[in-house]
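Okay, so here's the structure we're looking at.
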Amino acid sequence: MKLLKDKILKEGSALNRHILKVDGFINHQVDVELMYEIGKDFAGHFKNYQITKVVTIESSGIAPALMTAKELQVPMIILKKQPSKVLNTHLYQTIVKSFTKGTSYELTLSKKFISSNDRVLIIDDFMANGEAARGAVKLLKMAGASIAGIGILIEKSFQEGRQKLEEENIEIYSLARIKKLDQNVIEFF
Ligand code: G4P
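For the sequence shown, the numbering used here assigns the number 21 to the initial residue and increments by one for each residue that follows.
This is the structure:
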């Protein structure tokens, strides 16, 4: 998506070979118009996929997921992150390890909101190693839902997230695929 790539080049910054800073328009301050255009793009791509719900992971996925759900006219569900394991029979739960942040959290989904009748589109801001997306897929499969695909704003293609998800036969549609990052270097495919 040219709009997003241009924004990244203009306002994003590569801190090092691994981290792209985009807190001026995605992670901290949110560019609402950009999110609206992103929502329209995702909705256009997935419009014939019979999506019944859009699912995201708190917190930075919420804005683009909301816009996408609005365009597709379906509900949006936020998967919650909990710091510790609290067993709860009303929830589906799985542990996600974040390599970027060096932390683990428990991803949770209430059994009330997803069923085997659902066909779900997952939306998130970044894909790095794909652990968050794989956690989301696991929870949705526990609920018996089918996964229509994953929409990602920024894919760091030099990490192995796409490969892992494609091995599970899940389509990934990314708006900006980064080939290389380094201090002051941002290269797209
Ligand atoms: P993975 O799910 O693909 O394996 O990614 P990973 O665990 O490594 O990423 C953990 C967190 O770090 C996620 O945010 C993700 O969005 C963020 N992240 C990964 N790479 C980058 C990057 O290059 N730049 C920025 N700005 N963030 C990155 P999170 O913990 O879920 O936080 P939130 O922002 O959604 O609240």
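All C-beta atoms, glycine included, are put in the ideal place defined by N, C-alpha and C.
Asked: Bridge partners - Q113, DSSP secondary structure assignment; Found: T128
Asked: Neighbour-count burial assignment, G59, 16 or more Cβ in a 10 Å radius; Found: buried
Asked: L40 CB to nearest heavy atom of the ligand G4P below 7 Å; Found: yes
Asked: Meets three-Cβ-pair contact criterion under 8 Å: the region 138 to 146 and the region 110 to 119; Found: no
Asked: 6 Å Cβ shell around G150 - same chain, five flanking residues per side excluded; Found: G181, K184, L185
Asked: Rounded separation between Y125 and F208 - CA only; Found: 30 Å
Asked: Extent of the continuous alpha helix (DSSP H) run through L94; Found: The question names Leu, yet the displayed sequence has Val at residue 94. Note, V94: premise wrong, no alpha helix (DSSP H); not H, not E.
Asked: Every unbroken beta strand (DSSP E) within the region 35 to 77, with a cutoff of 3 residues, ordered by chain; Found: 73 to 77
Asked: Top-ranked residue by Cα proximity to V75, from V157, K41, T114, H38; Found: V157
Asked: Pair within 8 Å by beta-carbon distance, M96 and A83; Found: no
Asked: 6 Å Cβ shell around K25 - same chain, five flanking residues per side excluded; Found: A196, F208
Asked: For S130, the nearest candidate out of G122, L99, A148, F119 (CA to CA); Found: L99
Asked: Status (buried if at least 16 other CB within 10 Å, exposed otherwise) for L146; Found: Here the sequence assigns Phe to residue 146, which means Leu is not the residue at that position. Result: buried.
Asked: heavy atom of the ligand G4P below 7 Å from S124 C-beta; Found: no
Asked: Three-way DSSP call (helix, strand, coil) for T88 in this model; Found: helix
Asked: Given S135 as reference, the closest of K176, A163, I190, I115 once Cα atoms are compared; Found: A163
Asked: K200 (DSSP reduced to helix, strand or coil); Found: strand
Asked: Chain B within 8 Å of F178, Cβ atoms only; Found: Among the chains in the structure shown there is no chain B, since it carries only a single protein chain.
Asked: CA-to-CA distance, I170 to S177, given in whole angstroms; Found: 15 Å
Asked: Exposed unless 16 or more other CB atoms sit within 10 angstroms - verdict on I115; Found: exposed
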